[in-house]
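Asks:
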Amino acid sequence: MKNVYFLFLWMTLTFTLMSCSSDDPVSPNPFDTVSENTGSGKDKIVVISDLHLGNDLSYSENVKHLKRLEQFLNEVRSSSTIKELVIAGDMFDEWYIPTRAETYGNGSQADFVRKTVASNQGIFDVLNGIIKDGKVKLTYIPGNHDMGFTPENIQIALPGVNQARDAGNKYAVGTYNPDSYSQISIEHGHRYDFFCAMTPNANESEAPGSFMPPGYFFARIAANSFTDPTTPEAATKVPDVTLNDPKNAEQKSKYIYYNLWKTVMEKVIYVKDNYGDPIIKTNVGKYTKTYSINDIIPKNSATDGSIQMNLYNGLFTQANWDAREKYNNVAVMTPIDTAIVGSLKTKFIDEQSNVQFFQNSQSDVRIVVFGHTHEPMIKTYTNHKGKACIYANSGTWEDMKTRDKNAVIEQDTMKMHFITITPTKSNKNNLQVALYQYRYGKHVLVDHKEVNL
292 MKNVYFLFLW MTLTFTLMSC SSDDPVSPNP FDTVSENTGS GKDKIVVISD
342 LHLGNDLSYS ENVKHLKRLE QFLNEVRSSS TIKELVIAGD MFDEWYIPTR
392 AETYGNGSQA DFVRKTVASN QGIFDVLNGI IKDGKVKLTY IPGNHDMGFT
442 PENIQIALPG VNQARDAGNK YAVGTYNPDS YSQISIEHGH RYDFFCAMTP
492 NANESEAPGS FMPPGYFFAR IAANSFTDPT TPEAATKVPD VTLNDPKNAE
542 QKSKYIYYNL WKTVMEKVIY VKDNYGDPII KTNVGKYTKT YSINDIIPKN
592 SATDGSIQMN LYNGLFTQAN WDAREKYNNV AVMTPIDTAI VGSLKTKFID
642 EQSNVQFFQN SQSDVRIVVF GHTHEPMIKT YTNHKGKACI YANSGTWEDM
692 KTRDKNAVIE QDTMKMHFIT ITPTKSNKNN LQVALYQYRY GKHVLVDHKE
742 VNL
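For reference, each letter of the sequence shown is one residue, going 292 to 744 in our numbering.
(1) Any idea what DSSP makes of S340, helix, strand or coil?
(2) Count the other C-beta atoms from every protein chain shown that fall within 10 angstroms of the C-beta of H792, then say buried if there are 16 or more, exposed otherwise.
(3) Determine contact between the region 590-600 and the region 392-401, defined as no fewer than three beta-carbon pairs at a distance below 8 Å.
(4) So, with DSSP's three-state summary, where would you put T673?
(5) Hey, could you find the ends of the alpha helix (DSSP H) A525 is sitting in?
(6) Have a look at K333 and Y731 and give me their C-alpha separation to the nearest angstrom.
(7) By Cβ distance, which residues of its chain are closer than 7 Å to N788, with the 5 residues on each side in sequence left out?
(8) Evaluate contact between the region 578-591 and the region 505-517, counting only Cβ atoms and requiring at least three cross-stretch pairs below 8 Å.
(9) Which value, in whole angstroms, describes the spacing of the CA atoms of P504 and R657?
(10) Going along the chain, which residues of its own chain have a beta-carbon closer than 6 Å to the beta-carbon of L348, five neighbours each way excluded?
(11) Apart from the five residues on each side of it in sequence, which residues of its chain come closer than 6 Å, Cβ to Cβ, to F649?
(12) If you compare alpha carbons, which of Y561, V660, N565, L534 is closest to Y550?
(13) Could you please give the first and the last residue of the uninterrupted alpha helix (DSSP H) stretch that includes Q650?
(14) When you compare only the Cα positions, how much space is there between T581 and A488?
(15) Within 10 angstroms of its Cβ, does S473 collect 16 or more other Cβ (buried), or is it exposed?
(16) From P530 to E524, what does the alpha carbon distance come to, in whole angstroms?
(17) For my contact list, T407 and N346 are in at a C-beta cut-off of 8 Å; report their separation, rounded to the angstrom.
(18) According to DSSP, simplified to helix, strand and coil, what is V464?
(19) Quick check on F383: does DSSP put it in helix, strand or coil?
(20) Grab the span of the beta strand (DSSP E) containing Q723 for me, first residue to last.
(21) Can we say the region 698-712 touches the region 632-652, given the rule of at least three CB pairs closer than 8 Å?
(22) Am I right that V771 and V427 are in contact with their C-beta atoms under 8 Å? What's the rounded C-beta distance?
(23) So for M556, helix, strand or coil by DSSP?
(24) Quick check: the Cα distance between N697 and V623, rounded to an integer number of angstroms?
(25) For P389, is the classification buried or exposed, using 16 other Cβ atoms within 10 angstroms of its Cβ as the cut-off for buried?
(26) Helix, strand or coil: which one does DSSP assign to K733?
(27) With H, G and I counted as helix, E and B as strand and the rest as coil, what does DSSP make of D481?
(28) Among T704, W688, N743, P714, whose alpha-carbon lies nearest the alpha-carbon of G380?
(29) In this structure, does DSSP put I598 in helix, strand or coil?
(30) Contact defined as beta carbons within less than 8 Å: I believe K563 pairs with A526. What is the distance between those atoms, to the nearest angstrom?
(31) Can you tell which of K617, M382, S371 has the C-alpha that lies nearest to the C-alpha of V338?
(32) Among all the DSSP beta bridges, which residues are the ones paired with P714?
(33) Starting from the C-beta of V685, find all residues in its chain whose C-beta is less than 7 Å away, skip the five residues before and the five after it, and write them out in chain order.
(34) Using 8 Å for Cβ pairs, my map puts K733 next to I669. What's the rounded Cβ distance?
(35) Work out the CA separation of H343 and G480 for me, nearest whole Å.
(36) Looking at the unbroken alpha helix (DSSP H) that takes in V404, where does it start and where does it end?
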């Protein structure tokens, strides 16, 4: 019996040694697989965005993808070809909180950050490892869902991270030009979005000094629709609103805004709450009250039939939108009605790469990367000088949301996209911009383009 036991141990040891033999090929880091076209030095920039790391995993937008994200970040950390990882906004999420929840739980934003780190510890362990290693530069750009996070509180989560924020703007927007590449601009993209751009002085009587836009309240209601779901048939219907003065530009803009809310509330996010009930707890972004849905959406005035609303009522003139765009450091002004509609039709946001950079005579940018829309893509343009340009959107790492409990969603085939920017072997100014999906733990090439700067 003893001889059989030792024979078993010998066989096990032999098999283990054979498995670890140096002749057995080790799978290379997929970031470091050198093709015929791209360079092999430490010269690659990787861009991801819209991680939506939640404070509470019971309602976070990113739960099922966390392990894959951690695996991906470990590949970034161990890569011999990556020089920088850029997180282009919405890393944290201060917006996607169910309406009745206390955002900070009677604590502070710093406490919220610490809890978010604890809820996503594996992710932050790798990110902080990247910073401590000092081999890959880590850059963070604020998005709309984390627009209110102070630089100091970001440092709590990621001590030593490089933060890209516009000069003179402490909080919510940043355009980033990687080292040695002034012709590359990376940002989140929300500054062009009517729903999500910073909104100063909008509700001074309610929240003096706040710049929280209407998209914040939209996100709170959306979270509520998933944590307390109902069916389209049982959902509360949006009250009808009539445009009584179609020649009035402001009234027309409010009516367009109303129809967006109606479309979303009746076709995308369904709630069973009475619209008059105070359900949206704030205590964030200088708001302190609890609001109803009726405070947010437009309605006809009982006095004169004009379209009015309790919050954000003064936003709907072209002059106000222009001033708001300037506050958000937007270079080229856009029509207000186009911007309102464009908040829902994401093509408008993507097209701002062309409007703000490629066709702007004051810009020499040739490559633009946005997040925000969650729609991964690569598009080519020709700029005002007739030169080729590339726009890329880095997509998102949030889970696929579904209300049908019987539906089977294969998370490993959904979302998890990223962008790489890599110089070719022959010319460091000839850059390949590639869109990948992290599918089943592998880098699946979706599209790629090249441009010579």
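Where a beta carbon is used, it is the ideal one built from N, C-alpha and C, also for glycine.
Replies: Taking the structure as given:
(1) coil
(2) Past the boundaries of the shown model lies residue 792; the chain is included only from 292 to 744, so the question cannot be answered.
(3) no
(4) strand
(5) First-last for A525: undefined, no H or E at that position.
(6) 26 Å
(7) For the chain, the structure presents residues 292 to 744; residue 788 sits outside this window and is missing.
(8) yes
(9) 30 Å
(10) V354, S410
(11) Y672, N674, C680
(12) The sequence as given places Asn at residue 550; Tyr does not occur at that position. Taking only the C-alpha atoms, the option nearest N550 is L534.
(13) Segment: none, Q650 is in no alpha helix (DSSP H) and carries neither H nor E.
(14) 22 Å
(15) exposed
(16) 15 Å
(17) 5 Å
(18) coil
(19) strand
(20) 721-730
(21) no
(22) Within the shown structure, residues of the chain are numbered from 292 to 744, placing residue 771 beyond reach of any answer.
(23) helix
(24) 47 Å
(25) buried
(26) strand
(27) What sits at residue 481 in the sequence shown is His, not Asp. DSSP places H481 in helix when its eight states are reduced to three.
(28) W688
(29) strand
(30) 6 Å
(31) M382
(32) L722
(33) The sequence shown places Ser at residue 685, not Val. These residues qualify, in order along the chain: V338, I339, S340, A379, V660, G662, P667, H708, F709, I710.
(34) So it is not a contact: roughly 19 Å between Cβ atoms.
(35) 15 Å
(36) 400-410
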